[in-house]
Structure formats: structure tokens, C-alpha cells
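Asker: Here it is, the structure, as C-alpha cells.
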Amino acid sequence: MENKKLDINSLIGFVLIGGILLWMLYLNPAEEKAVPEATKTEQVETDVPETTSEKPSSTPNIQSDSLKQIAAQNSVGTFEYSATLASAQENVTTLENELLQLKISNKGGQIVGAKMKKFKTQDSIPVFLVKDGNASFGLELTTSDGKTIDTKALYFEPKLSNDGKTLSMKLKISENQYLEYVYALRPNEYMLDFTVRSQGLKNAIDASKPALLTWKMKTIPHAPSIQYENRYTEIVYAFEGGDDSYTGQGELEEENEKEIGYIAFKQHLFTSVLLADEPFDTGSFTSKNLVQDEEVDTTFMKAFTAIVPLKTNAGEFSKSMNWYYGPTDYTILTKYDRNLDEIVSLGWGIFGWINQYLIIPFFGFLMKFLPAGIAIIFLTIAIKLLLSPVQYKQYLSQAKMKILKPEIAELSAKYKDNAMKKQQETMKLYNKAGASPMAGCLPALLQIPVFYALFMFFPSVFDLRNKSFLWADDLSSFDVIAELPFSIPFYGDHVSLFPILASVAIFFSMKLTTGNNMATSQPQQEGMPDMGKMMKYMMYLSPIFMLFFFNNYPSGLSLYYFVSNVITIGIILVIKNYIIDEDKVLAKIEENKKKPKKQGKFARKMAEIMEQAEQQKKGQQRK
């Protein structure tokens with residue numbers, strides 16, 4: 003009880019005049035009743051929440067005892083306690099431009115609201131990245147006597163510039179001793195400048211320990227399928243030099259010793275990023291999945307935490323940074339020239355290059371004058387036409403193998419007891435005819451990078467968000483033609499039409515290509531898998547897999563696969579009926595057989611090895 007009286011009288015003494023009056027008030031505690039309510043102070047509890055609401059508090063709170071300790075250590079004669087001012091309330095200051103509205107709270111000096119002014123959810127609700135206490139930001143400082151203060155629980159004094167675009171938030175000990183956050187928002191930008199600096203604290207802060215910057219966020223869902231959106235919700239952090247690290251869907255708790263250029267809390271098609279002009283020395287990151295069952299009402303998807311140190315110089319520090327609150331849009335992120343485009347999941351290596359240098363520029367061009375659905379169709383047509391020579395080579399190889407199949411069957415029967423000799427004669431036949439079983443496989447392999455690149459592109463392209471086509475309301479999400487009263491594992495509680503159409507198209511496309519492959523496949527060899535059966539199984543399993551797997555994927559992706567396979571069916575029919583004449587191919591093969599064929603080095607070496615193996619086998623049989 004006595005400690006409480008001492009604390010209160012000390013604070014009143016600082017507010018009024020100083021040492022002598024402090025002593026007099028201490029000797030006469032009854033005078034406490036005469037102190038106006040507006041200047042009374044209360045000790046901050048240790049369980050203060052990390053973020054604040056927009057409603058002002060009815061009773062002003064004051065800074066923690068640790069901050070008093072800083073004042074005492076600096077021998078401050080007069081301490082301007084922020085608690086005696088209007089700023090010692092849970093008020094907010096608004097910064098906004100044409101794209102972004104930010105609310106910064108006096109408590110902690112932190113951003114407690116980040117609203118995307120041009121984007122809404124499918125339910126016509128504004129998109130918020132920060133709202134209702136889902137995020138917090140602050141510094142942990144170690145005083146000279148080993149105590150720790152957390153700025154998130156303390157009150158800052160706001161000062162807005164005349165143009166309303168720059169906000170200074172000061173955590174004061176006195177007019178010349180403070181911790182300051184400066185926010186500056188430029189017109190038509192999702193990026194704002196952010197500076198953290200201290201002044202006059204060098205004797206109060208432990209210079210041997212860095213100030214720890216802690217940023218936390220629970221991500222808010224914005225799409226109909228939480229499970230799908232959560233798949234692309236992750237921490238992305240960039241190492242100095244360009245390398246990036248992703249947490250993915252899994253949970254994470256790790257520390258890194260490399261320098262870190264930025265930290266992104268990615269929420270699929272929207273992202274919050276903290277960038278540093280000079281990289282952070284190290285960082286520790288935590289990601290926790292909060293979605294256990296989508297059927298249960300889920301408020302948040304993942305909980306992210308990032309902790310990075312700020313260097314102190316003799317107890318003082320200054321750090322220039324930026325905040326980005328905006329779309330995970332490749333075009334927007336690229337213009338900042340700070341490797342932020344790596345946040346967009348476009349695939350690694352060649353897959354990412356195809357997206358960056360071919361698909362994204364071309365699709366962006368189409369979107370300038372075409373509706374999104376039509377742009378997808380034109381993109382698909384262009385890709386199929388580009389790959390049509392590859393498909394022609396593939397089908398021509400299959401036609402040659404089909405013509406040679408009777409002769410291959412004869413060789414198999416003739417050398418059925420000598421697998422090595424059969425293989426030798428078969429290779430000679432291929433060489434003379436100018437055919438190869440691998441010639442049909444290589445063109446198919448060339449199409450895989452494009453296939454995977456597009457698989458990564460459609461879930462990541464921001465331009466499809468809230469764009470409708472036919473019955474699909476949003477091409478960046480699944481289309482719904484029927485709601486189910488129950489949920490089917492791996493399928494969901496709705497029926498999407500585009501995956502059904504794509505599955506049907508895939509079935510007929512594979513029936514044409516796989517059927518032709520089955521007709522050209524060699525007879526099954528003993529101990530080897532039956533390739534005919536495997537291809538037949540794939541012909542039926544692939545559409546079923548497509549139907550289940552893509553039911554919760556973007557309808558734009560399913561639209562692409564539907565159109566792509568319809569075009570594939572058309573190309574195969576045109577090649578088969580109007581371009582490739584099997585009689586001409588047979589005549590060409592017969593003509594090739596008559597010509598002397600020079601073997602390549604690899605084929606010649608293989609023939610020598612097989613011949614040696616044949617001679618060894620004959621020698622063993624004689625013994």
C-alpha cells in the first residue's frame with residue numbers, strides 16, 4: 003500500500019514542480035484528494051493487449067514503470083508524461099491515399115487498420131489486411147539496469163503533417179528524449195516509408211543488446227475456400243543477394259543467420275511486407291496453422307511472427323524501412339525493383355522463367371482489351387498453336403511405330419528365346435526406317451514445363467480476382483453450380499462445372515493419344531510391366547483425378563485445361579486425317595530401309611556392347 007502512495011506522489015511531483023513539492027506531498031498524502039482526476043495516473047498492467055481499438059479509453063493510462071526508470075537514469079528534471087495529454091488514449095490517426103487507408107494507434111504507435119480501398123470480397127466486404135487486433139508491431143528495449151520495456155503497451159504522441167501524408171509518433175521521456183516512428187504515405191502507392199529512431203536514450207539503453215523488432219499477424223481469409231487460400235498463405239523472406247525462403251503450408255519455427263532484406267506475410271492474393279533499406283542482420287520466424295476444419299467457422303488462417311534485431315550505436319538507433327500493404331500482383335510488386343516479385347508463386351527455374359517472360363506479358367496484353375475469360379481462351383489457343391509442331395512430331399513418330407509394329411512382332415517371334423538378339427535386330431530396324439520409340443516421348447517431355455508453369459500461373463494471377471465468365475463469378479476461385487448438403491473428402495461440399503468439362507475433354511484427348519500409343523507399343527516382355535494396361539488405367543484415372551483435385555482450384559485453371567484439351571482433340575484429328583498419310587509414311591520408311599544408314603557414335607557403341615554380350619553368352623553356352 004505504501005509503495006502505491008510513493009508511486010503516485012512521485013508522478014504528481016514530476017507533473018507539478020519537482021523535488022521539494024514532491025517531499026511535501028509525500029508527507030501529506032491527504033492532499034491527494036485535491037488532485038484533479040485528469041492528472042491521476044495508474045500503473046499499466048502486464049497483460050495489456052497488443053493492439054487497440056478505435057474507441058478512446060475513458061480513463062487515461064500511463065507508461066510502464068520501465069519507462070520511468072529511463073527518465074530517472076537520464077536525470078530528467080521535468081518529465082512530460084504522455085498520460086496527462088489527450089494522446090494517452092486509445093485513439094487512432096488515419097493516413098490514406100487513393101488506394102490504401104491506414105489507421106495508426108496512439109497505443110504502441112502501430113498500424114491497427116489496413117484497408118484496401120479498391121478491393122472487396124465476394125460478399126462485397128472491404129478487404130482488410132489489418133483489423134480488429136489481428137496484427138501487432140513493437141520494439142523490445144533493454145535498459146541499462148537490465149529491465150525490458152515493450153513499446154506495444156506504451157502511448158505515443160501523434161503529430162500529423164499539414165498535408166496529412168506524414169505522421170510522427172513519439173514515445174516521450176522529454177522534449178529531447180524520445181523514441182519516434184515516422185510514417186509517410188505517397189499518392190497512389192501501396193508502399194509507405196517507415197522510420198524508427200531514438201534520441202537522447204544513449205545512457206538509458208543497454209548498448210550491448212539490440213532493440214528487438216517484433217511483428218505478429220493472424221491472417222484474415224478473403225476467398226470462399228479457406229483451405230485453398232490457406233495453401234498459398236505463407237511467410238516469405240528474402241536474403242541479401244536475392245535468395246528467398248518460403249514456409250509453405252507447413253508450420254515453421256526457425257532462425258536464420260543470413261542478412262534479410264524483407265519479410266512478407268503473404269495472404270494468397272494480398273500481402274503485407276516489411277522492407278529494410280539496410281538488411282536486418284538476422285531473423286527468427288514462426289508460422290502456425292490455425293485452420294483445422296474448414297467446416298468450423300474460421301476467423302484466421304495462420305499466425306505469423308517475425309523477430310529481427312535493430313543495431314544500436316552507443317544506445318541510439320535509426321532504421322529506415324518500408325511497409326507494403328497491397329495485392330500480390332506481379333506487375334505492381336515488380337515496379338518497386340526490390341525483388342518483391344519473388345513473393346508471387348510462379349515456380350522455380352524454367353517454370354518461373356516461362357511465366358515471367360512469356361505468359362505474364364502476353365496475358366497482361368490480352369487483359370487490356372479482352373474480358374478475363376476470353377483472354378484465357380486466347381492464351382490457350384496461342385500456347386497450343388506454339389506447341390503444335392511438337393505435337394505433330396509426336397504423332398508422326400507414333401504413326402511410324404504403328405507401321406513398323408508387324409515387323410517388330412515378327413522379330414519378337416523369331417528371337418523369342420534370345421532377348422539380346424531381338425533387341426539388336428529391333429534397333430537395326432529402327433535405324434534403317436528412321437524411327438525411334440523415344441521420338442514420341444521427347445516432344446511430350448517438352449510440353450511439361452509449359453504445363454507446370456500454367457499450373458503455377460493461374461492460382462497466382464491477381465488479374466483474375468473477381469472477374470466473371472459464363473456461370474463463374476470469380477475466375478480466381480472455384481465456380482459453383484450446386485451446393486451439397488454434405489462434404490466429400492478431397493472433393494468438397496459443392497459441384498464445379500468447369501472441372502467436369504475439363505475431365506471429359508481430358509478423357510477423349512487421352513483416348514486419342516493413348517489409344518494410338520497402345521497400338522504402337524511393343525509386345526510385353528517377360529518380367530516387364532504391361533505398358534498397354536498402364537496406359538489404359540491412366541486414361542480413366544486422369545480424368546477422375548482432375549475432377550476431384552480441381553474442384554477447389556480456380557475456375558480459370560479448369561477453363562484453361564478444358565479449352566486446351568478440346569484444341570488438342572482438334573489438332574490430333576486434323577493431323578491424323580489431313581496431314582499425315584500413313585501410306586506415304588510407309589513408302590518413306592521403305593525408301594529409308596534401302597539407303598545405307600550411318601550409325602551415330604552412341605548407336606554404334608550400344609551395338610558393340612550388345613554384340614560383345616551376345617558373344618559372351620554364346621561362349622557360356624558352349625561350356
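One point on numbering: in the working numbering, the residue at position 415 of the sequence shown is 417, and numbering is uninterrupted.
The C-beta atom is built at its ideal place from N, Cα and C for all residues, glycine as well.
Determine the extent of the alpha helix (DSSP H) in which Ile483 is found, giving its start and end residues.
Answerer: No alpha helix (DSSP H) holds Ile483; DSSP gives it neither H nor E.
Asker: Quick check on Phe16: buried or exposed, where buried means 16 or more other Cβ atoms within 10 Å of its Cβ?
Answerer: Its pLDDT being 38, under 50, Phe16 is placed unreliably by the model, and the measurement read from it follows with that caveat. Per the 10 Å Cβ criterion, buried.
Asker: Could you name each continuous alpha helix (DSSP H) segment of 4 residues or more that falls completely within the stretch 180-248, going from the start of the chain to the end?
Answerer: 228-233
Asker: Based on the DSSP output, what are the partners of Asn381 in its beta bridges?
Answerer: At residue 381 the sequence reads Leu, which differs from the Asn that was named. Partner(s): none; Leu381 has no beta bridge.
Asker: Measuring alpha carbon to alpha carbon, tell me which of Met548, Lys404, Phe272, Leu472 ends up nearest Pro223.
Answerer: Phe272
Asker: Beta-carbon separation of Gly115 and Lys122 under 8 Å?
Answerer: no
Asker: If you follow the alpha helix (DSSP H) that Gly558 is part of, which residue opens it and which one closes it?
Answerer: In this chain, the alpha helix (DSSP H) harbouring Gly558 covers 557-576.
Asker: In chain order, what residues of the same chain lie with their CB nearer than 7 Å to the CB of Ile574, ignoring the 5 residues before and after it?
Answerer: Tyr397, Leu514, Thr515
Asker: How is Asn164 classed by DSSP in three states: helix, strand or coil?
Answerer: coil
Asker: Using 8 Å as the threshold, is the C-beta distance between Thr235 and Thr216 below it?
Answerer: Cβ distance not < 8 Å, so Thr235 and Thr216 don't count as in contact.
Asker: Answer with buried or exposed for Thr54, where buried requires no fewer than 16 other C-beta atoms within 10 angstroms of its C-beta.
Answerer: At Thr54 the pLDDT is 36, less than 50, meaning the model places this residue with poor confidence and gives no usable figure here.
Asker: Please name the residue, chosen from Leu413, Ser163, Ile577, that lies closest to Thr393 on a Cα-to-Cα basis.
Answerer: As written in the sequence, residue 393 is Gln, which differs from the Thr given in the question. Answer by Cα proximity: Ile577.
Asker: For Gln1, which of helix, strand or coil comes out of DSSP?
Answerer: Not covered by the structure: residue 1. The range shown for the chain is 3 to 625.
Asker: Relative to the C-alpha of Phe380, which residue among Asp134, Tyr563, Leu102, Asp195 is closest?
Answerer: Tyr563
Asker: Starting from the Cα of Phe453, find the closest Cα among Ile356, Val129, Leu162 and give me that residue.
Answerer: Residue nearest to Phe453 within the set Ile356, Val129, Leu162 is Ile356 (criterion: CA-CA distance).
Asker: Return the first residue and the last residue of the alpha helix (DSSP H) that Thr336 is part of.
Answerer: 332-336
Asker: Under 8 Å: do the stretch 483-502 and the stretch 340-357 share three or more Cβ pairs, one atom per stretch?
Answerer: no
Asker: Helix, strand or coil for Ile376 per DSSP?
Answerer: helix
Asker: What are the start and end residues of the alpha helix (DSSP H) that includes Ile362?
Answerer: Looking at the DSSP string, the run of the alpha helix (DSSP H) that includes Ile362 is 362-369.
Asker: Would DSSP call Tyr542 helix, strand or coil?
Answerer: Reduced to three states, the DSSP call for Tyr542 is helix.
Asker: Quick check: what's the CA-CA separation for Thr300 versus Ile207?
Answerer: 42 Å
Asker: By DSSP's criteria, Phe353 is part of a beta bridge. Which residues make up the other side?
Answerer: None, per the DSSP bridge assignment.
Asker: Short check: CB of Leu97 to CB of Leu187, under 8 Å?
Answerer: Yes. Within cutoff.
Asker: Let's test the definition: count the other Cβ atoms within 10 Å of the Cβ of Phe371 and tell me whether it reaches 16, buried, or not, exposed.
Answerer: exposed
Asker: In this structure, does DSSP put Asp465 in helix, strand or coil?
Answerer: helix
Asker: Candidates Ala305, Ala278, Phe282: which alpha carbon is nearest Thr288's?
Answerer: Closest by alpha carbon: Ala305.
Asker: Under the assumption that Thr95 contacts Pro189 (Cβ atoms under 8 Å), give the Cβ distance between them as a whole number of angstroms.
Answerer: By a beta-carbon distance limit of 8 Å, Thr95 does not contact Pro189. Their separation comes to about 18 Å.
Asker: Secondary structure at Asn108, three-state DSSP: helix, strand or coil?
Answerer: coil
Asker: Just the Cα atoms here: how many angstroms apart are Glu39 and Lys260?
Answerer: With a pLDDT of only 34 at Glu39, under the threshold of 50, the placement of this residue in the model should not be trusted; the figure read from the coordinates follows. Distance between the alpha carbons of Glu39 and Lys260: 52 Å.
Asker: Per DSSP, what kind of secondary structure is Leu271 in: helix, strand or coil?
Answerer: coil
Asker: Identify the residues that DSSP records as bridge partners of Lys304: which are they?
Answerer: Note: Lys304 sits in a beta bridge opposite Asn291.
Asker: Considering only the alpha carbon of each residue, which of Phe551, Leu292, Tyr542 lies closest to Met303?
Answerer: Leu292
Asker: Three-state secondary structure (DSSP) at Ala266?
Answerer: strand
Asker: Who pairs with Ser320 in a beta bridge, going by DSSP?
Answerer: Arg199
Asker: Going by alpha carbons, who is nearest to Leu194 out of Phe130, Ile113, Ser227, Tyr157?
Answerer: When the alpha-carbon of Leu194 is set against those of Phe130, Ile113, Ser227, Tyr157, the nearest one is in Ile113.
Asker: Given a cut-off of 8 Å on the beta-carbon distance, is the pair Gly558 and Ser478 in contact?
Answerer: Yes, these two residues count as a Cβ contact at 8 Å.
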